[in-house]
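Engineer: Here the protein sequences come in this chain order: P and V.
If you count the first sequence from 1, you need to add 317 to reach our numbering.
If you count the second sequence from 1, you need to add 19 to reach our numbering.
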Amino acid sequence: MDLKEISVQLQAGKAKIVKTLVQQAIDEGIPAQEILEKGLLDGMNEVGEKFKNNEIFVPEVLVAARAMNQGVSLLKPLLQQAGVQATGRVCIGTVQGDLHDIGKNLVKMMMEGKGLEVIDLGTDVSADTFVKTAIEQHCDIICCSALLTTTMSVMGDVVKAAEAAGIRDKVKIMIGGAPVNEAFRAQIDADAYTTDAASAADCAVNFCKAC
Amino acid sequence: MPELIIHLGDTTVRQVFSGTPVLDEVLQAAGFSLPHPCGGRGACGKCAVQLSGLVSAPNAAEQRAGTRLSCQAVLLGDAEVTLSQASSDARIETSTAVLDRPLRPLPGKTGAAVDIGTTTIAVNRYDLTTGTRTGTAAALNPQISIAADVMGRIDAALSGKLSLLRQQVTDAVQQLLDASGPSSPDALVVTGNTTMLYLLTGRSPDSLARAPFEADTLFGTTVPLFGGQAYLPPCMNAFVGADITCAVLASGICERDETALLCDIGTNGEMALWRDGILYVTSTAAGPAFEGAGISCGCGSVPGAIDRVALANGQLFSRTIDGAPAVGVCGSGLIDAIAAGLTAGLIDETGAMDDDELPLAPGVALLPRDVRAVQLAKAAIAAGMLTLVETAGAQLSDIASLCIAGGFGSHLNVSSATAIGLIPAELANRVCVLGNAALSGAAQALLDRTCIHALERIAAHSRHVALGGNPRFNEHYIDQMLFGQEE
Numbered sequence: 318m319d320l321k322e323i324s325v326q327l328q329a330g331k332a333k334i335v336k337t338l339v340q341q342a343i344d345e346g347i348p349a350q351e352i353l354e355k356g357l358l359d360g361m362n363e364v365g366e367k368f369k370n371n372e373i374f375v376p377e378v379l380v381a382a383r384a385m386n387q388g389v390s391l392l393k394p395l396l397q398q399a400g401v402q403a404t405g406r407v408c409i410g411t412v413q414g415d416l417h418d419i420g421k422n423l424v425k426m427m428m429e430g431k432g433l434e435v436i437d438l439g440t441d442v443s444a445d446t447f448v449k450t451a452i453e454q455h456c457d458i459i460c461c462s463a464l465l466t467t468t469m470s471v472m473g474d475v476v477k478a479a480e481a482a483g484i485r486d487k488v489k490i491m492i493g494g495a496p497v498n499e500a501f502r503a504q505i506d507a508d509a510y511t512t513d514a515a516s517a518a519d520c521a522v523n524f525c526k527a528c
Numbered sequence: 020m021p022e023l024i025i026h027l028g029d030t031t032v033r034q035v036f037s038g039t040p041v042l043d044e045v046l047q048a049a050g051f052s053l054p055h056p057c058g059g060r061g062a063c064g065k066c067a068v069q070l071s072g073l074v075s076a077p078n079a080a081e082q083r084a085g086t087r088l089s090c091q092a093v094l095l096g097d098a099e100v101t102l103s104q105a106s107s108d109a110r111i112e113t114s115t116a117v118l119d120r121p122l123r124p125l126p127g128k129t130g131a132a133v134d135i136g137t138t139t140i141a142v143n144r145y146d147l148t149t150g151t152r153t154g155t156a157a158a159l160n161p162q163i164s165i166a167a168d169v170m171g172r173i174d175a176a177l178s179g180k181l182s183l184l185r186q187q188v189t190d191a192v193q194q195l196l197d198a199s200g201p202s203s204p205d206a207l208v209v210t211g212n213t214t215m216l217y218l219l220t221g222r223s224p225d226s227l228a229r230a231p232f233e234a235d236t237l238f239g240t241t242v243p244l245f246g247g248q249a250y251l252p253p254c255m256n257a258f259v260g261a262d263i264t265c266a267v268l269a270s271g272i273c274e275r276d277e278t279a280l281l282c283d284i285g286t287n288g289e290m291a292l293w294r295d296g297i298l299y300v301t302s303t304a305a306g307p308a309f310e311g312a313g314i315s316c317g318c319g320s321v322p323g324a325i326d327r328v329a330l331a332n333g334q335l336f337s338r339t340i341d342g343a344p345a346v347g348v349c350g351s352g353l354i355d356a357i358a359a360g361l362t363a364g365l366i367d368e369t370g371a372m373d374d375d376e377l378p379l380a381p382g383v384a385l386l387p388r389d390v391r392a393v394q395l396a397k398a399a400i401a402a403g404m405l406t407l408v409e410t411a412g413a414q415l416s417d418i419a420s421l422c423i424a425g426g427f428g429s430h431l432n433v434s435s436a437t438a439i440g441l442i443p444a445e446l447a448n449r450v451c452v453l454g455n456a457a458l459s460g461a462a463q464a465l466l467d468r469t470c471i472h473a474l475e476r477i478a479a480h481s482r483h484v485a486l487g488g489n490p491r492f493n494e495h496y497i498d499q500m501l502f503g504q505e506e
């Protein structure tokens, strides 16, 4: 079968069709990694590009990501069997004091759509938890999200905690959220600020390729 | 100096001015802030007013809109303006349910029930000896000029604007009290969301600004305000305020031995589910789409606003307010239009549109991004309801009634709301619409002091359900992004 069809249906958010097609592709003996890359990730890539260019909006991204997750659930055991490695590993969460996670979830989906493995630490995550996870799970990147001006300062604590733990040169720290900007990134000395979820995923992939 | 006489409902305000200002400047000086989603370019028709006296002739934008616009009309001398109670953001729900309790009022001769909303403020005045309503007045909350939403106001208060915010709301309530009755009320019940009560009492909202979001007071106290004794009903938590406690009282759901849901749909959707002696409460951010903001052709409920859209023989038919030429679509029309578009197959279940636009009337069409904005808003509300029901260990089939409170809900077409999935279809025939239930509840407490105990009991039985970081909410939120079932 033409894996492009999976990509097209994923972009349209048709979760049921995507699931059926992925199963069909598996039954035809197409390797899981090929289905993932040429079908699901290809579709999510298109979605990310369109989102970045303001051609589509958040609901379409969420609906497409929902379709991707349905497909990935079928592929996951096969990928593990085949010992396929993710492009890189990221831990992500909203910073301590912040419970607003819709933006964070969007970034997570976009990163998974780029083939990254994402450890979701949820909301209200302390600087220590970020750093501890990065060490124990060998993460390439720590991603911090904040929606509130009252909580964004915690991002600076994450950078300091990474320095104190001696992993600052091994891990990249990315930040995002409504009140955050490039000037703030420079001020706290994080590695990257991105304006939207698709750019965050691109940036994370570039970091992982570089290391 | 020339004078502008301003009417809003029963309220009349006089404002002098100099020179030849744009009408809006004088309205603002008098404390009336009309919405300008188009940035005051005369494009959205949302600030429509009735205007007479020494004023400029209607310009091109006003001729297009078929009405005088406060952002366009220029005052040349003495003039009189009527702000439409029926103009959406200026249309403030002051209708309250009939009071059927015995009269056991708070002490005093005259009283006032006040609801301070993030967007609007409403006041009802009562004769406490007879229980009759003697006046009513409403206005936009002037704090909108600082920030539109609660988080923005909290930020402003924490960066040095607390006393200004307090002054604004105090002045606005005082004006409405003056406009709706001859003297200061002896007794008041002043309700509002938690942030509004913080700002009214000049308390720093620091504890509302960061996790764990535990308010350092929840009120439920009597304080001297506006020349009388004001009871501030108890809030349930930082984001489910006294307005919801009052709405729950007015709905009567806690007095019945059945499972019932109350939902106030606005920029924030606040919900309360009564089940087995516990009131599960939560709040979810829906954004301003239902108020017409952020919608390309959105407008208030002004003459010419499309407020109903129906499908017949495969074609869309739009009705406008007063039958005037269409100028835009208001909240209820927006939901109708999407429901009709779904039925007609012009919008699919993922929210994708066949064409670049969905024409509703000459010059008015929904764009794909409008549909997307509604998807986000309705998903937040619907997912909040489903998570609350689930957390309470209930199912939709257990819910005996769904009470819809608040201004937007009062004008909602229930069948369209269920068609787009804003309200679960299963509850469609169990919906009751309450109007401004927060104000009703405040009035009940004013006229029957035993209700104060009822309010305290409601707050004491409440249990907060957090949605941020709640994986079930996230799943529902994404599922509810879709319109109906997948093909």
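A virtual CB, placed ideally from N, CA and C, is assigned to each residue, including glycine.
In this text the structure is predicted, and so the values were computed from the model without any measurement.
Report buried or exposed for N523/P, applying the criterion of at least 16 other Cβ atoms within 10 angstroms of its Cβ.
Structural biologist: By the neighbour-count rule (16 or more Cβ atoms within 10 Å), N523/P is not buried but exposed.
Engineer: Use the C-beta contact count for V339/P: other C-beta atoms within 10 angstroms, 16 or more gives buried, fewer gives exposed.
Structural biologist: Label assigned to V339/P: buried.
Engineer: Just grab the DSSP bridge partners of C282/V for me.
Structural biologist: BP columns for C282/V point to M290/V and I423/V.
Engineer: Please tell me whether L465/P has its Cβ less than 8 Å away from any Cβ of chain V.
Structural biologist: Yes, contact with chain V.
Engineer: So the candidates are D283/V, T137/V and V192/V; which of them puts its Cα closest to the Cα of M215/V?
Structural biologist: Considering only alpha carbons, the answer is T137/V.
Engineer: Please list, in chain order, the residues of the segment 348-368 of chain P that have any C-beta partner in chain V closer than 7 Å.
Structural biologist: If the cut-off is 7 Å between Cβ atoms, the segment 348-368 of chain P has nothing near chain V.
Engineer: Let me see if you follow: with CB-CB separation under 8 Å, is E429/P close to chain V or not?
Structural biologist: By this cut-off, E429/P is not an interface position.
Engineer: Verify the CB distance criterion: does F374/P have a CB-CB separation below 8 Å to chain V?
Structural biologist: Answer yes: the Cβ-Cβ gap between F374/P and chain V drops below 8 Å somewhere.
Engineer: Buried or exposed: where does V117/V fall if 16 or more other Cβ atoms within 10 Å of its Cβ makes it buried?
Structural biologist: Residue confidence for V117/V is low, a pLDDT of 46 falling below 50, so the modelled location carries little weight; the figure read from the coordinates is stated next. Flag for V117/V reads exposed.
Engineer: When you compare the CB of A116/V with every CB in chain P, is at least one pair closer than 8 Å?
Structural biologist: Confidence is the limiting factor: at A116/V the pLDDT is only 46, short of 50, which leaves the residue's position unreliable, though a coordinate-based value still follows. Chain P contact via Cβ: absent.
Engineer: Which of the three DSSP states, helix, strand or coil, is assigned to C273/V?
Structural biologist: C273/V falls in the helix class under three-state DSSP.
Engineer: My understanding is that M290/V touches M404/V, with C-beta atoms under 8 Å, so please give their C-beta distance in whole angstroms.
Structural biologist: About 6 Å separates the two Cβ atoms, so the contact holds.
Engineer: What does the Cβ neighbour count give for F51/V, buried or exposed, with the cut at 16 atoms within 10 Å?
Structural biologist: The residue is buried, with at least 16 neighbouring Cβ atoms inside 10 Å.
Engineer: Identify every residue that forms a DSSP beta bridge with G28/V.
Structural biologist: BP columns for G28/V are empty, so no partner.
Engineer: Are the CB atoms of E310/V and F427/V nearer to each other than 8 Å?
Structural biologist: Going by C-beta atoms, E310/V is nearer than 8 Å to F427/V.
Engineer: Can you list the residues of chain P that R491/V reaches, using a CB-CB cut of under 8 Å?
Structural biologist: Those within 8 Å of R491/V in chain P number zero; the least Cβ separation is about 13 Å.
Engineer: Is the segment 489-497 of chain P close to the segment 466-473 of chain P, with three or more CB pairs under 8 Å?
Structural biologist: Segments in contact, yes.
Engineer: Mind checking whether Y496/V and A384/V have CB atoms under 8 Å apart?
Structural biologist: Result no, Cβ atoms of Y496/V and A384/V do not sit closer than 8 Å.
Engineer: How many Å lie between A279/V and G239/V at the Cα?
Structural biologist: So the alpha carbons of these two residues sit roughly 24 Å apart.
Engineer: Let me confirm a value: A109/V is counted as buried when at least 16 other C-beta atoms fall within 10 Å, else exposed. Which label applies?
Structural biologist: Since pLDDT at A109/V reaches only 38, below the 50 mark, its modelled position is unreliable, and no value is offered.
Engineer: Hey, how far is the Cα of A456/V from the Cα of G179/V?
Structural biologist: Roughly 33 Å between the two C-alpha positions.
Engineer: Between D380/P and chain V, is there a C-beta pair that is closer than 8 Å?
Structural biologist: Asp is not the amino acid found at residue 380/P; the sequence shown has Val there. Answer yes: the Cβ-Cβ gap between V380/P and chain V drops below 8 Å somewhere.
Engineer: Can you give me the C-alpha to C-alpha distance between Q454/P and T236/V, rounded to a whole angstrom?
Structural biologist: When rounded, the distance between both Cα atoms is 42 Å.
Engineer: Excluding the 5 residues preceding and the 5 following M20/V in the sequence, name in chain order all residues of the same chain whose CB lies nearer than 6 Å to its CB.
Structural biologist: Cβ neighbours of M20/V beyond the five flanking positions: V35 and S37.
Engineer: Look at the alpha carbon of N422/P and the alpha carbon of D415/P, and state the distance between them as a whole number of angstroms.
Structural biologist: Taking the straight line joining both Cα atoms gives about 14 Å.
Engineer: Among all the DSSP beta bridges, which residues are the ones paired with C408/P?
Structural biologist: Answer by DSSP bridge pairing, in chain order: I436/P and I459/P.
Engineer: Rounded to the nearest angstrom, how far is the Cβ of C408/P from that of A451/P, given a contact under 8 Å?
Structural biologist: Right, the Cβ-Cβ distance comes to about 6 Å (below 8 Å), so this counts as a contact.
Engineer: Establish whether the CB of R391/V and some CB of chain P are separated by less than 8 Å.
Structural biologist: Yes, contact with chain P.
Engineer: Is there a Cβ from chain P that is less than 8 Å from the Cβ of I497/V?
Structural biologist: For I497/V, the answer is yes, since a Cβ of chain P falls inside 8 Å of its Cβ.
Engineer: At the level of alpha carbons, what is the spacing between T410/V and V74/V?
Structural biologist: Approximately 58 Å between the Cα atoms of the pair.
Engineer: Any contact of the segment 243-260 of chain V with the segment 190-204 of chain V, i.e. 3+ C-beta pairs under 8 Å?
Structural biologist: Short answer: they touch.
Engineer: In chain P, what lies closer than 7 Å to R388/V by C-beta?
Structural biologist: Within 7 Å Cβ-Cβ: F374.
Engineer: For A329/P, return the contacting residues in chain V, with the cut-off set at a CB-CB distance below 9 Å.
Structural biologist: By Cβ distance, chain V contributes D367, T369 and A371.
Engineer: Closer than 8 Å, CB to CB, is N523/P near chain V or not?
Structural biologist: For N523/P, the answer is no, since every Cβ of chain V falls outside 8 Å of its Cβ.
Engineer: Just the chain V side, please: which residues come within less than 7 Å of G571/P by C-beta, in chain order?
Structural biologist: In this structure chain P extends from 318 to 528, so residue 571/P is not present and cannot be described.
Engineer: Among A308/V, I340/V, G382/V and G127/V, whose alpha-carbon lies nearest the alpha-carbon of I357/V?
Structural biologist: I357/V has its Cα closest to that of A308/V, out of A308/V, I340/V, G382/V and G127/V.
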